[in-house]
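Data first, discussion second: the structure below is written as structure tokens.
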Amino acid sequence: MIRFLGCLAVAIAVLAAVFWMMVDLGMFMHGD
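When we follow my numbering, the leftmost residue of the sequence shown carries the number 600, and every step to the right adds one.
Shown next, in the form of structure tokens:
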């Protein structure tokens with residue numbers, strides 16, 4: 600159970616990092 604929660608936390612952290620990277624990229628590309 601603890602291992603499952605650890606994997607879930609890592610997966611969420613990776614998804615959040617990728618999401619924010621895309622958001623930053625989008626703002627950089629479309630910003631003036």
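Note that the Cβ used here is the ideal one computed from N, Cα and C, for glycine as well. On a predicted model such as this, the values are computed, not experimentally measured, just so you know.
Item: DSSP-derived helix/strand/coil call for Met628; Value: helix
Item: Between the CA atoms of Leu624 and Ala612 - distance to the nearest angstrom; Value: 18 Å
Item: Rounded separation between Met621 and Met600 - CA only; Value: 32 Å
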